[in-house]
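**Q** I have a structure I would like to understand better, so I am pasting it below and will then ask my questions one at a time.
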């Protein structure tokens with residue numbers, strides 16, 4: 031039998047399959063990092079997105095023909111060459127799809143990409159961010175989805191939808207910021223942001239707390255119950271140093287983490303609004319609250335650090 035069918039003993043060196051069988055390679059656009067065994071299935075106990083949620087993707091991210099989990103799927107964004115994606119860990123119990131990456135990290139680094147068109151012309155473009163762990167592995171990619179008129183008319187105060195996708199090109203977190211007041215003299219209609227995971231399912235909120243001198247925020251869960259507080263410095267100025275916003279317990283007696291705006295150098299600070307942030311939180315913190323911390327970081331970025339040069343907000347008073 032072996033002599034009559036010599037081809038059956040030959041195999042592809044890459045796959046160890048017989049010649050008669052084509053190699054089973056996954057699509058190039060959706061290859062995960064080395065050792066990645068595939069994206070885990072949806073959690074049975076977690077509610078699906080509400081009916082009618084369309085989840086349109088940001089410009090530049092086409093949607094493939096076969097969505098996963100009934101959510102929009104985007105092509106994997108092109109990042110810096112040689113930067114690996116973080117392997118997907120085993121999801122914990124009742125974890126929203128895509129948030130299992132947050133279960134094994136206590137620090138997040140957020141790097142905003144520099145838009146050349148924005149630097150040369152001053153024309154505001156949609157912001158894009160890389161979200162990494164402390165080892166430099168890419169965890170998520172975030173892209174703003176806002177129309178041109180809103181971006182350039184409302185500036186940093188603009189309402190926006192920011193979509194966060196994983197290494198499979200799937201949208202796992204959606205941030206929704208409505209249009210709100212930006213004055214410290216008005217104690218009502220203050221800034222807030224809603225965090226959804228999966229898209230369409232709220233898991234938490236970040237609400238600005240009125241204070242005449244300090245930037246303060248309250249972190250709430252999906253039931254709008256207060257969980258943590260955020261307090262920033264009186265003068266929010268990133269001049270040759272980092273700016274820290276402390277994450278505190280409800281009584282504000284215990285600091286459990288912080289959101290830091292990192293100093294990126296005089297040229298980048300003066301001529302661009304591309305910022306770097308770091309988020310620290312307890313390792314055992316609920317993954318939903320970790321996702322809400324990411325939302326808080328983006329809200330702080332738009333409120334205090336989105337403008338460039340002399341237009342940058344120098345005060346914590348709004």
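In this note's numbering, the protein residues as written are 31 to 348. C-beta atoms are modelled at their ideal positions from N, C-alpha and C, and glycine is treated no differently.
(1) Return the CA-CA distance between residue 220 and residue 186, expressed in angstroms with no decimal places.
(2) Please classify residue 273 as buried or exposed, where buried requires at least 16 neighbouring CB atoms within 10 angstroms.
(3) If we call anything under 9 Å between Cβ atoms a contact, is residue 237 one with residue 250?
(4) Between the region 177–186 and the region 158–166, do at least 3 Cβ pairs fall closer than 8 Å?
(5) Give me whichever residues DSSP pairs with residue 142 in a beta bridge.
(6) Cutting at 6 Å between CB atoms, please list the residues of its own chain near residue 276, excluding the five before and the five after it.
(7) On a Cα-Cα basis, can you pick out the residue from 266, 134, 205, 197 that is closest to residue 113?
(8) Is residue 330 helix, strand or coil by DSSP?
(9) Given this structure, state the Cα-to-Cα distance separating residue 290 from residue 123, to the nearest angstrom.
(10) Whose C-alpha, out of 259, 228, 231, is nearest the C-alpha of residue 239?
(11) From residue 305 to residue 331, what does the alpha carbon distance come to, in whole angstroms?
(12) Considering just the uninterrupted stretch of the beta strand (DSSP E) at residue 168, what are its terminal residues?
(13) Tell me whether residue 349 sits in a helix, a strand or coil according to DSSP, three-state version.
(14) Looking at the secondary structure, which residues open and close the alpha helix (DSSP H) in which residue 181 lies?
(15) For the beta strand (DSSP E) that contains residue 188, what are its first and last residues?
**A** In this structure, then:
(1) 14 Å
(2) buried
(3) yes
(4) no
(5) 159
(6) 261, 285, 288
(7) 197
(8) helix
(9) 30 Å
(10) 259
(11) 8 Å
(12) 168–175
(13) The displayed coordinates of the chain run from 31 to 348. Any statement about residue 349 would go beyond what the structure contains.
(14) 178–184
(15) It is not in any beta strand (DSSP E) - residue 188 carries neither H nor E in the DSSP assignment.
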